[in-house]
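Novice: In our numbering, the protein residues as written are 322 to 577.
Just so you know, even glycine gets a beta-carbon here, dropped at the ideal spot from N, CA and C.
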Ligand SMILES: [Zn+2]
Ligand SMILES: [Zn+2]
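Below you can see the structure in the form of C-alpha cells.
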C-alpha cells in the first residue's frame, strides 16, 4: 500500500489516519445500529437529548483519532519490524491458548479500566479528564466513545502495549475488539438488551451489562468496572443494578 521509499513519519501519519477512519466507521456503525434499535424498541428514550448526542459524537470523533493512531503505528511496526506478538498461523500456539488469550486481554483491559477509572473519580482528575463522559445524563448509544482526549489517551494505551508482549491470534484480537465495541455501546444504551436469564443468572453476577453500568452513571461512586464485576466486588464498590433499568426491563422480581 505504502511505497518503501516513503519517509517513515509520513507513512506513520497515513497509516494512523487510515486506522482512525476505521475506528470512526466502527463507531458510527455500532452506535448508529444500536441507536436505531433503541428507537424501535424504546421509542422516545432519547427525546430531548439532541444537543447531548451532538456533543457525544464530537468527543467520540476526537477519541477515534486517539484510538486509531497508536493502533495504526503498531500495525505498521508489525508489518515492517515484526515488533508485535500478533500471530496468524493456527499452529503457532496451542489452540487452547486462543480463548485464553481473549480472556487475558479482556481481564487486563478491565483491570486497567477499573483502576484508572476509579482514579479519575478523584475530584481534581474528574474535572479535567472524566467529566465529559459523565456529562451524558443519562448516557445513550452514542456515549460509548465520548471521552475527553486525556481520558482517550489513557484508554487507548493498553491494548497496543499488550500487543507488544502478550501473543494473540489476529482472529482473537478481532473477537476482543468486537466484544469491546458491543459492550461499550450496549452498556450505555439506557436499557437492557440482554435477557433476564442472563442478567439475573450467576453469569450476570460477574459480567457487566447496561443494568450495572447505568448505576455508575446515576451514582458516580460505584460500579467502576468495564466487563467484569470482579474488581468492584473485591474492592466493595459494587452496588448492583440500576433500579430504573431493571424496572423498565420488568426484572423487578429478580435479585440485584
Ligand atoms: Zn460510562
Ligand atoms: Zn465514571
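Along the alpha helix (DSSP H) that carries residue 348, what are the first and last residues, could you check?
Specialist: Locating residue 348 in the chain shown gives position 27, counting from the first residue. Per DSSP, residue 348 belongs to the alpha helix (DSSP H) from 329-362.
Novice: For a test of the three-state rule: what should DSSP assign to residue 421, helix, strand or coil?
Specialist: Working through the chain shown from its first residue, we reach residue 421 at position 100. Residue 421: helix per DSSP, three-state reduction.
Novice: Taking 8 Å as the threshold, find out whether the stretch 525-542 comes into contact with the stretch 500-514 through three or more Cβ pairs.
Specialist: Yes, the stretch 525-542 is in contact with the stretch 500-514.
Novice: Measure the alpha-carbon distance for residue 517 versus residue 410 and round it to whole angstroms.
Specialist: The residue you call residue 517 lines up with position 196 of the chain shown. The residue you call residue 410 lines up with position 89 of the chain shown. About 39 Å.
Novice: For residue 475, I'd like the list of residues in its chain whose CB is within less than 7 Å of its CB, leaving aside the five on either flank, ordered along the chain.
Specialist: As a working note, residue 475 is residue 154 in the chain shown. Result list for residue 475: 437, in chain order.
Novice: Excluding five sequence neighbours on each side, which residues of the same chain lie with their C-beta closer than 6 Å to the C-beta of residue 422?
Specialist: The residue you call residue 422 lines up with position 101 of the chain shown. Answer for residue 422: 489 and 493, listed in chain order.
Novice: Going by DSSP in three states, residue 549 sits in which element: helix, strand or coil?
Specialist: For this step, residue 549 is matched to residue 228 along the chain shown. Note: residue 549 maps to strand in three-state DSSP.
Novice: Please find out if some non-hydrogen atom of ligand 2 comes closer than 7 Å to the beta-carbon of residue 469.
Specialist: As a first step, residue 469 must be located in the chain shown, where it is residue number 148. No - ligand 2 has no heavy atom lying nearer than 7 Å to the Cβ of residue 469.
Novice: Taking the continuous alpha helix (DSSP H) assigned at residue 491, which residues delimit it?
Specialist: Stepping through the chain shown from its first residue, residue 491 is reached at position 170. Unbroken alpha helix (DSSP H) run through residue 491: 491-507.
Novice: Taking the alpha helix (DSSP H) that residue 567 belongs to, which residues open and close that run?
Specialist: In the chain shown, counting from the first residue as 1, residue 567 sits at position 246. Run containing residue 567: 564-569, per the alpha helix (DSSP H) assignment.
Novice: Which class does residue 388 belong to by DSSP, given the choice of helix, strand or coil?
Specialist: Here residue 388 refers to the residue found at position 67 of the chain shown. It is helical.
Novice: Looking at residue 403 and residue 340, is the spacing between their C-beta atoms short of 8 Å?
Specialist: The residue given as residue 340 occupies position 19 in the chain shown. The residue given as residue 403 occupies position 82 in the chain shown. No. Outside cutoff.
Novice: Looking at C-alpha atoms only, which residue of 454, 485 and 461 is the closest neighbour of residue 636?
Specialist: This structure gives no information on residue 636, because the portion of the chain shown stretches from 322 to 577.
Novice: Starting from residue 532, follow the alpha helix (DSSP H) in both directions and report where the run begins and ends.
Specialist: Locating residue 532 in the chain shown gives position 211, counting from the first residue. 531-540 is the extent of the alpha helix (DSSP H) around residue 532.
Novice: Given a threshold of 16 other Cβ atoms within 10 Å of its Cβ, counted over all protein chains shown, does residue 328 qualify as buried or as exposed?
Specialist: To locate residue 328, count along the chain shown from 1; it is residue 7. Exposed is the call here.
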